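Residue numbers (this note's numbering): 1 to 172. Data first, discussion second: the structure below is written as structure tokens.
Shown next, in the form of structure tokens:
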């Protein structure tokens, strides 16, 4: 019931860009918990959201101009961060893109498409690293390493990846 409510709330968001950003987070969460009871396919939705977010990243060359044409988004960004909305805009879009990629990684893993799953998880981790979102970075890296195990990668390579990640974690 709560899942369907969350999905119906997405439809209530009147600003398209905000709906896309929120959708990345909601559908990512749905790929983690199983969705057989839903009337939607989170994987298909995340593919569409991923395409929208790629376009948005390319459209936002002038954040002030973009925000002037998306007043609801600017209001959200003022709530989201103490930084100026112009400074926060690209970060929020990139972060949502990372969540969409993580969800697509879950989808690919569930379909047995392990190379694709590792690629999505690694890209999500790269975005989180770039944004200095360390928890999301660690989650993405651990997922990618876990997929290496599922693919039958050598134990030596998997251990090296974990040791490298552990070393990186200790530096933070």
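Every residue gets a Cβ at the ideal spot worked out from N, C-alpha and C, and that includes glycine. Being a predicted model, the structure only gives us computed values, none of them experimental.
- Taking C-beta atoms under 8 Å as the contact rule, residue 27 and residue 13 fail to qualify, at a distance of about 14 Å.
- With a 10 Å radius around the Cβ and a threshold of 16 neighbouring Cβ atoms, residue 31 comes out buried.
- Between the C-alpha atoms of residue 2 and residue 8 there is a straight-line separation of about 10 Å.
- Residue environment analysis places residue 55 among the exposed positions, since fewer than 16 neighbouring C-beta atoms fall within 10 angstroms of its C-beta.
- The beta carbons of residue 96 and residue 24 sit about 4 Å from each other, so the pair counts as a contact at 8 Å.
- Rounded to the nearest whole angstrom, the C-alpha separation of residue 18 and residue 98 is 15 Å.
- Only residues of its own chain outside the window of five on either side were considered, and among them 134 have a CB closer than 7 Å to the CB of residue 172, listed in chain order.
- Relative to the Cα of residue 4, the nearest Cα in the group 163, 42 and 91 belongs to 42.
- Taking the C-beta atoms as reference points, residue 128 is found no nearer than 7 Å to residue 147.
- The C-alpha of residue 15 is placed about 27 Å away from the C-alpha of residue 132.
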